[in-house]
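Numbering (the numbering used here), first residue to last: 1 to 117.
C-beta atoms are modelled at their ideal positions from N, C-alpha and C, and glycine is treated no differently.
These numbers were taken from a predicted model, which means no experiment stands behind them.
These notes are about the structure you will find just below.
Quick look at the structure:
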């Protein structure tokens, strides 16, 4: 039954069926909680006219500069609508329990790196 997050994520295994269902329901944008790096997955979503809000930094235990590789690898894909930084970081401290000022600093650094790349 199921798996564990994030190691057992299987975007490729579900995208064909799920994107058809989403398009049929009128969904045209999805937001991820882990980065979709697989261009075939993004292509499938795009074929169904679904844009992606792709999370590129949500956990302060990762170095902030991980956003550079992710953004550079995907910035030209037509399904990309925007980059997401954080997930309710104002109260979970970027999943690392950072105090608000430290979390805000990491978010600002990630945004700067995205803008510069």
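Here DSSP, grouped into helix, strand and coil, assigns residue 92 to helix. Counting along the chain, residue 53 sits inside the beta strand (DSSP E) bounded by residues 51-57. The shortest C-alpha to C-alpha distance from residue 113 to any of 20, 68, 104 is the one to 68. In the three-state scheme derived from DSSP, where H, G and I count as helix and E and B as strand, residue 82 is classed as strand.
Our two residues, residue 2 and residue 33, have alpha carbons roughly 17 Å apart in a direct line.
When the five nearest sequence neighbours on each side are left out, the beta carbons in the same chain lying within less than 7 Å of the beta carbon of residue 11 are those of 36, 38, 41, in order along the chain.
Excluding residues up to 5 positions away in sequence, 35, 56 lie with their Cβ nearer than 6 Å to the Cβ of residue 70 in the same chain. In the displayed model, residue 72 falls within a helix according to three-state DSSP. Annotated as proximal: residue 80 and residue 74, with beta-carbon spacing under 8 Å.
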